[in-house]
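In case it helps, the numbering used here puts the sequence shown at residues 1205 to 1343.
Think of the CB as a built atom: it goes at the ideal place given N, C-alpha and C, for glycine as much as any other residue.
Take a look at the structure set out below.
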Amino acid sequence: MYSDVNYKSTELAMNEKPKHGDFCWNEIWTGDENKTKKFYTEIFGWRWEESNQSSVPYTMFSNGDKEIGGLMPITSEIAQHMSPHWKIYVYVDDVKAAIEKVKNLGGEIIVPETEVKNMGYFAVIKDPADAYIALWQSV
């Protein structure tokens, strides 16, 4: 995920800091981590590595030297409410301001502003047509 903290090492977003409104990260939520890792490794040649940046299990996908996305396991509890999917993150300058705009425009806040230690803040929203997307603001 793009963060000013790890920008130099990951060089996401075509080697420049994302602008407000740019897609900045992709994340797959899956109930079968091993199948998912094997599939994307074989089809695209992606490498994966377990991340220790969080207390939640997380896997980073890389294409060459570039981190391109992550994998979140869907626990049995989460599976009651969510099926496997890709989550797309859009970079915002101010996640709090973006959340207020979402509310004013008839969207819904699914996951409120949440801190990712030493990296930034995210939120998950649903637009008025019921499509989900995530917001990301780096520190």
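- Helix, strand or coil at residue 1281 according to DSSP, with G and I counted as helix: Translated into the one-based positions of the sequence shown, residue 1281 becomes position 77. Here residue 1281 sits in helix by DSSP.
- Query: Out of 1261, 1256, 1265, which has the shortest C-alpha to C-alpha gap to residue 1243?
  - Reply: If you number the sequence shown from 1, residue 1243 lands on position 39. When only C-alpha atoms are compared, the closest one is 1265.
- Residue of 1285, 1253, 1286 minimising C-alpha distance to residue 1271: As a working note, residue 1271 is residue 67 in the sequence shown. Of the listed residues, the one whose Cα sits closest to residue 1271 is 1253.
- Task: Could you have a look at residue 1317 and say whether DSSP puts it in helix, strand or coil?
- Result: Position 113 of the sequence shown, counted from the first residue, corresponds to residue 1317. Note: residue 1317 maps to strand in three-state DSSP.
- Message: Taking the straight line between their C-alpha atoms, what separation do you get for residue 1302 and residue 1247?
- Response: By 1-based counting over the sequence shown, the position of residue 1302 is 98. By 1-based counting over the sequence shown, the position of residue 1247 is 43. So the alpha carbons of these two residues sit roughly 36 Å apart.
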